[in-house]
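Engineer:
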Amino acid sequence: MWTYIVRRILQTIPTLLISSLLIFSLLYVTPGDPVELILGTEDANVSEEQRRLVEEQWGLDKPFLVRYIRFIKGVFVGDLGTSYATGEDVFSSVIKRMPNTLKLAGSSMVIALAVSLPLGILAALKHNGILDSVATALATIGVSLPRFWFGLVLIIFFALHLGWLPTMPETTSMADGIVPFMRSIILPASSLALSMAATQTRMVRSSMLDVLNQDYVRYARSKGLKERVVIWGHALKNAMIPVITVIGGEIGGLLGGAVITESIFSWPGVGRLTISSIARRDYPMIQGATLMLCISYMLVNLVVDVLYAWFNPRIRLDVK
Amino acid sequence: MKKKLGILAALLLVLNLFSAAPALAAEKTLRIGTYMTVTTLWPWRTTSDGDGYIIRQIYHTLVEMDENSKFTPGLAASWECADDGVTWTVRLRDDVYWQRGNELFGNEKVKVTAEDVKFSYDYYLDPANGSVRYDALSKTMKEVRVVDEHTIQFVTKDIDVLWEYSMYQNYVIPHRAIEKKWDLGSCPIGSGAYKFQEYVTDTSLTLVKNEDFWREPALDKVVYKFITDKSVSAMALQNKEIDIALAILPTEIENIAGKDYLVVAPAAIGSLRWVGFNCRKPLFSDPEVRRALAMAVDMNGAVQAIFSNKAGAKLAVRGYGCIPYERPGGDLESNKAVTPRYNPKEAMKLLDKLGWKRGAGGVRTKDGKKMSFILQVGNNDANREKLSVIVATQLKAIGVDCTARSAEWATHTSDIAKGNVDMYILGGYSNLDGGKRLMETNAKRFSPNCGYSNAEVDKLIEEAFREMNYDKRCDLLRRAGNIFSSECPHLGAYFEYAQVGHNKRVTDFGYATVYQALCSPVRNVGVAD
Amino acid sequence: MSDNSKNAQNRNAAVQNQIGNEALPLTTYWKDVRRRFLKNRIAVVGLLILLTIIVLCVCAPCFTQYDPMMDMDLMNTLVRPFSKEHFLGTDDLGRDIWSRLLYGGRMSAMTGMSVTLLSAALGIVLGLVSGYYGSWVDALLMRFTDIMLSFPFLIIAIAIMAALGSSQGNVILALAIVGWPKFARLTRGQVLAVKNTEYVESARVAGFKNARIIFNHIFPNCIGPLIIQATLSTGSAILSASGLSYLGLGCDAAAPDWGVMLNQGRNYLQQASYLTTIPGIAISLTVLSMNWIGDGLRDAFDPKMRK
Amino acid sequence: MAEKMNEEYLRVENLHTYFHTPEGIVRSVDGVSFHIDAGETLALVGESGCGKTVTSLSLIHLLADSAEVFADKITIGGRTIEKLTGEEARAIRGKQISMIFQEPMTSLNPVYRIEKQLSEVFRLHEPKISKREVYERSIAILKRVGVPKPEERLKVYPHQLSGGLRQRVMIAISLASAPRMLIADEPTTALDVTIQAQIIDLLKGLQKDMNMAILLITHDFGVVSQIADRVAVMYAGKIVESGRLEDIFQDPWHVYTKLLIMSIPGIKVTRGGRLESIAGTVPNPLNWPKGCRFAPRCPEAMPVCFEDEPREYVCGERRVCCHLKRGKADE
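Taken in sequence, the protein lines are chains A, B, C and D.
Quick note: the first sequence uses the working numbering, first residue 5, plus one each step.
Quick note: the second sequence uses the working numbering, first residue 13, plus one each step.
Quick note: the third sequence uses the working numbering, first residue 23, plus one each step.
Quick note: the fourth sequence uses the working numbering, first residue 1201, plus one each step.
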């Protein structure tokens, strides 16, 4: 188990290297002149002398590979460089925002599960019943609503018309009180959760249907167990197995989708940072942000896999 | 799972219980919603209006500028220019102190002196310090000398009618901060009316009253809230979560104006948005072609369509020249007289006359070359994107194959800077030197003058910027502007008046642009309760 | 006669399913799939909706006299729906929404389908190869898939768009690039499942070429889940495209496209909500029908689901 | 088989189980009657698809919702049940009748340790039983079914056990509720011969101790011969022949029975018959053939067989439905 985890963490390193190279080169070919952007935007009017200075200062005069290697070297000592735009230390400014993104992703995951599990299971039990079709319809509609549109609608409805919730986060940390935090995160989280909740409902439903046909469910019944025990005890845990794998896949989407959600709800997360950094061609920042996103993605996935093994004893991590 | 559901339900309940509108703090707090997140708090590195709005409250500049682009006292009580036109003598206020209650100054009350001013300007003049003002400053400023503790003298290299503008742009920083390597970036300390308290990344930034300020600031607290989506910030304003919302979208105006507790205040000075030809491209090097295309587009209609609103707010006006009508040299009538009128038929005739005949697929061609190009627009302004669509469509209508394409912002700017565009939409350059940079020949850079070049215009501009007499200067600029307009390096333009929405509880706000201090000799913004 | 006995067998099998232990015999697999699909009311409805949409969009000119781009009437903007001249009203530039909707459908459908085709083609090939050959090929390809998956997809899409510039082609490319790993994963899984079944073994023993084994024997068994994935991904591609244009990275601003329409209307949510609801409904309807069809196919391919 | 004085435990009269499918009504069980005494083993024999399993599942109501079960009379443990509702069935399951299936691998829940799957049965029947108690009983019962090192086995997951052990464990779980009757559906089919013998001996032993009725469902007369007291041969949803094991073995009346017996490996059959399997497959339950349902496959079929259904011929404990037999009887 532990050896497995360690191995997995080690495995992520080459993955990270390649992914950072990918993003790095992608941005390298992207038009956009950092110097201009360092020294100001629309009105910029840079003298050669100053350009030279800046290029030296930021090592922009160096060729692609040199810059990349320098970056990687930094990564291993936990130094992601400093932002072109703000001169801030990239690592710290990403780390400042990372918890927010994770909070957002996490709570939307919780919401999604809280909705999809009961809904999916009930749908499966009342298969072809009214509830089933309702749930399925909801799920499918859920998948088919554009995220940013749904987000804005949520704001208009809950913040503007009902005035229940703030249009923008009052706080992003539990420290300022659980209620304000909840008030702030519920809308972004739900809008982010929407599509995932939908897909998961469908997933839970079908895998539950599958499991309910298995011999061991029939056998459990033949023991005379109460239906409740059979469903929530014997069937559910099995049904969760495929669901978990799906969740694993969803996480990438979550972190990605956070970009939009964060900019609609002014949620101070990494996604927003990345977007604005791309607009500023703030290479170190983009590097750092994407890298950290990838890392967190992989770590979360690792957790998911461990969970998976817990749900499914037939998988033995150490021999995988 | 049921448990989870229960928790969620309970949670929602709690939320509803607690979800009264946020209570107003007992202290006088002004909450400003801005879409511009902080890029930097270093006074000499910032170029963004958003940063400026904050930094200008913390630091002093020698002078302030009012809505009529007249300069008003700031740190400087008075200033005059000697007859030589290059020596500026500035008298500073003697009752301004550096902000206290921080590790840098502790509790000692330190006066802001001529020494600090000299230090600041010298500091910006050293390229190694990477000031974004370096370029402009080094071009014009020769030296700065201290006359006495509260008097300072600047000498410019040549007559510079815009020197006051430089005095308005450069913040005065504490000498001690640089000596002590104090991190002004994360904890700015100045002499302004409000002190920096805290910055929660991308969420909010808080300033508090500076008791030592020579006049009692009307606010205890100023809170900037960073709201990325403009329509959301308009909603926040309606929701009374913020008192001021910068940049209300035209589409939101009616909602705001509809509320009895809200006011919409237009900016005093229009900001130029123009559709530029790349005059370096052979296709557009001929003014006649540019005229023809200009005639084909109904700019008035476009401005109307984009900015009309039931609230009747003046969001934008058609721009016939490139100098805002409120700025010296801007003049609607004379510009309008020389600008081609909307007249598609004439446009087509003219194009035919110029040899651009309709060819295969209705696209005009000349010597086998199709008149086909891309109109590039940045992706950060819905109005400009609309304009691009309108222009492209109306050009297509007369047989010009023009495609509107929105580009990611940084790509857009760099394409323009390099001149890799056929036609583009850009904005800004509405400062006092904006007209100069838009019109005068600039071999080094393509932007912002579209590669336009006209000796006569250059001559007029040069004179204008050596002319100390305000009216004469305006006249010179006007003449330059008229030549410029008549040759249409811009297909068309409009001046957009940024709309600031604010709650009626905000007092003495008038229109405090992001370029003005909330508490200054001329204004002291507060909140009624 | 033989047909009879087939039916016999397969009804017999149906009974077995009622008890729930044996799967259908492969003999009438496709027939069955079709039969079961057509039996599934929702799926059929979905199919009908989709067909209607497709017809409307393909024959757009027959259903509207307006041109979606050129007929721009600046004097006549934001006309509410169900007016005399404009069935669904006009947008903020006075263009007929109905015609934009129809022509936009072409664009969006194009986007959705091309994205799916591209990513499916790439994903399936890689999936088949890595699943079939296993060992280091598999390791390598799957590691690469991991990398692609570990990217927050929007961010890489944005980077691509920023690099290549906004245009429908690039939107498709970007979405395809982020879309293929799902297919690869899925295919690989399926391949591993059927790889060691008797008939593949026997085919191998019979000395068929690998390529042939892969495509004649293995691929057909992966087709079911893949088709489902395809229907789903088509829908989500349309959505992602609209997401991109929210971030200002969509296709040409003037072009009629549901995503673009939705995005351009979002500032009017309060005073002219129909600007967003109309394309929103269109997108939802399309994706919805796609998903219904997908479900139908899933159930059709996997009888157990149907019990 | 020592003769015991036994009271009847289960009696089923004219049981029907119909499935309502898109294709129509599938009459999988079509009027089956039988009875089992406590401590006795009745073997329900026949090819797969002829309704054995459905019959057994009908008794404890474990079929899909599309199934419709009705009978003239079902008596379990002296108590007559008019209509077998879900709740009643659940009460019967486990406590009175429990069941073991052919596939222990798929029948044991893969994600739970043996301990949980075993203990939940104890808990079900005595809710306030102590942990300790449960544990000891689990050990005991595993010992009883001959699982070596039960303490360790409790801690493992099904997939970590060998086929034989799994079957033993399943038996243990099924017997944990001390049922009066056990339905064993092909209990040995999935196992290799040596294990088969062990399992059968085990069942025999358990039956003796617990004086338990066993309904053995199999297609394999070999197994039948080792354990059954009485045999009921089922074909196409009906019982075609039933009687004491010895009798049926000595002289099978129904052709189908004959063929089944002949198909047992290693049985020396008189009349020079060789080991052979029966041609063709069980007909389609949607529309059983007219006349004798076995006729289409019957080597000795006569024209009449295709016309009318044979009436039941009863002689003491033996019953058979075959025109041939009637012919003999009429002589």
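Every residue, glycine too, gets a C-beta built ideally from N, C-alpha and C.
Note that the structure is predicted; figures quoted are calculated from it, not measured.
1) Along the chain, where does the alpha helix (DSSP H) containing Gly146 (chain C) start, and where does it finish?
2) Starting from Gln250 (chain B), find everything on chain A with Cβ-Cβ shorter than 7 Å and list it in chain order.
3) So, using beta-carbon positions, are Arg1293 (chain D) and Lys100 (chain A) closer together than 8 Å?
4) Counting only Cβ pairs nearer than 7 Å, list the residues of chain D close to Gly228 (chain A).
5) For chain C, check one thing: does any of its Cβ atoms lie closer than 8 Å to the Cβ of Met302 (chain A)?
6) What's the C-alpha gap between Ala314 (chain B) and Thr112 (chain C)?
7) When the cut-off is 8 Å and only beta carbons count, does Arg209 (chain A) lie next to chain D?
8) Kindly provide the ranges of any alpha helix (DSSP H) runs that are 4 or more residues long and lie completely inside the region 297-351 of chain B, ordered along the chain.
9) Against Gln383 (chain B), what residues of chain A qualify as contacts under a CB-to-CB distance less than 9 Å, listed in chain order?
10) I think Leu271 (chain C) touches Asn391 (chain B), with their Cβ atoms under 8 Å apart; what is that distance to the nearest whole Å?
11) With respect to the alpha helix (DSSP H) encompassing Ser188 (chain A), which residues constitute its N-terminal and C-terminal limits?
12) Let's test the definition: count the other Cβ atoms within 10 Å of the Cβ of Gly273 (chain A) and tell me whether it reaches 16, buried, or not, exposed.
13) How many angstroms separate the CA atom of Ile146 (chain C) from the CA atom of Leu284 (chain B)?
14) Alpha carbon to alpha carbon, what distance is there between Ile1383 (chain D) and His239 (chain C)?
15) So the candidates are B:Lys221, B:Ile410, B:Glu420; which of them puts its Cα closest to the Cα of Ala306 (chain B)?
16) Should the region 68-78 of chain B be regarded as contacting the region 146-156 of chain B, the criterion being three or more beta carbon pairs within less than 8 Å?
17) Would you kindly check if the distance between the Cβ of Gly1239 (chain D) and the Cβ of Asn1214 (chain D) is under 8 Å?
18) At a Cβ threshold of 8 Å, is Arg232 (chain A) touching chain D?
19) Please list the segments of the beta strand (DSSP E) lying wholly inside the region 1248-1290 of chain D, counting only runs of 3 or more residues, in order along the chain.
20) Any beta carbon from chain B within less than 8 Å of Val98 (chain A)'s own beta carbon?
21) On a CA-only basis, which of B:Ala38, B:Ala323, B:Gly45 is nearest Ile254 (chain B)? Give me that one, please.
22) Under three-state DSSP, which class holds Ile1297 (chain D)?
23) Does the beta-carbon of Leu73 (chain C) have 16 or more other beta-carbons within 10 angstroms, so that it is buried, or is it exposed?
24) On the DSSP bridge assignment, give the partners of Ala1243 (chain D) in chain order.
25) Assuming the contact rule is C-beta atoms closer than 8 Å, Leu258 (chain A) and Leu196 (chain A) should be a hit. Round their C-beta distance to whole Å, please.
26) Could you tell me if Ser1362 (chain D) is buried or exposed, where buried requires 16 or more neighbouring beta carbons within 10 angstroms of its beta carbon?
27) State the Cα-Cα distance for the pair Ala116 (chain A) and Ala139 (chain A), rounded to the nearest angstrom.
28) May I have the straight-line CA-CA distance separating Leu269 (chain C) from Val183 (chain A), to the nearest angstrom?
29) Using a Cβ-Cβ cut-off of 6 Å (strictly less than) and excluding sequence neighbours within five positions of Ile402 (chain B), which residues of its own chain qualify?
30) So Glu59 (chain A) contacts chain B; which residues on that side make the cut at Cβ distance below 7 Å?
31) Nearest to Lys66 (chain A) by CA position, among A:Phe80, A:Glu92, A:Tyr32, A:Asp93, is which residue?
32) Does any residue of chain D have a CB that is nearer than 8 Å to the CB of Tyr312 (chain A)?
33) Hey, out of B:Ala529, B:Ala308, B:Val235, B:Ala328, whose CA is closest to Leu407 (chain B)'s CA?
34) Strictly below 7 Å CB to CB, what residues from chain A border Ile239 (chain B)?
35) Check each candidate in A:Ile248, A:Tyr72, A:Thr16 and name the one with the smallest Cα separation from Trp314 (chain A).
36) At a CB-CB cut-off below 9 Å, which residues of chain A make contact with Arg128 (chain C)?
Structural biologist: The short version:
1) It is worth fixing the name first, because residue 146 (chain C) is Ile in this sequence and not Gly. Looking at the DSSP string, the run of the alpha helix (DSSP H) that includes Ile146 (chain C) is 119-155.
2) Correct list: Leu164.
3) no
4) Identification of chain D residues near Gly228 (chain A) by a Cβ-Cβ cut-off of 7 Å yields Arg1290, Arg1293, Gly1294, Lys1295, Leu1324, Ser1377, ordered along the chain.
5) yes
6) 16 Å
7) no
8) 299-308, 311-319, 344-350
9) Position check: residue 383 (chain B) holds Met in this sequence, whereas Gln was assumed. Ordered by position in chain A, no residue passes the 9 Å Cβ test against Met383 (chain B), which lies about 25 Å from the chain.
10) 7 Å
11) Looking at the DSSP string, the run of the alpha helix (DSSP H) that includes Ser188 (chain A) is 182-216.
12) buried
13) Rounded to the nearest angstrom, the two C-alpha atoms are 52 Å apart.
14) The alpha-carbon atoms of His239 (chain C) and Ile1383 (chain D) are separated by roughly 41 Å.
15) B:Ile410
16) no
17) no
18) no
19) 1267-1270, 1273-1276, 1279-1281
20) no
21) B:Gly45
22) strand
23) exposed
24) D:Leu1416, D:Val1431
25) Going by Cβ atoms, the distance from Leu258 (chain A) to Leu196 (chain A) rounds to 7 Å, so yes, they are a contact pair.
26) exposed
27) 14 Å
28) 31 Å
29) Ala314
30) Near Glu59 (chain A) there are no residues of chain B at all, since even the closest Cβ is about 12 Å away, more than 7 Å.
31) A:Tyr32
32) no
33) B:Ala308
34) Met172, Ser270
35) The residue with the shortest Cα to Cα distance from Trp314 (chain A) is A:Ile248.
36) What Arg128 (chain C) touches in chain A: nothing, since even the nearest Cβ is about 19 Å away.
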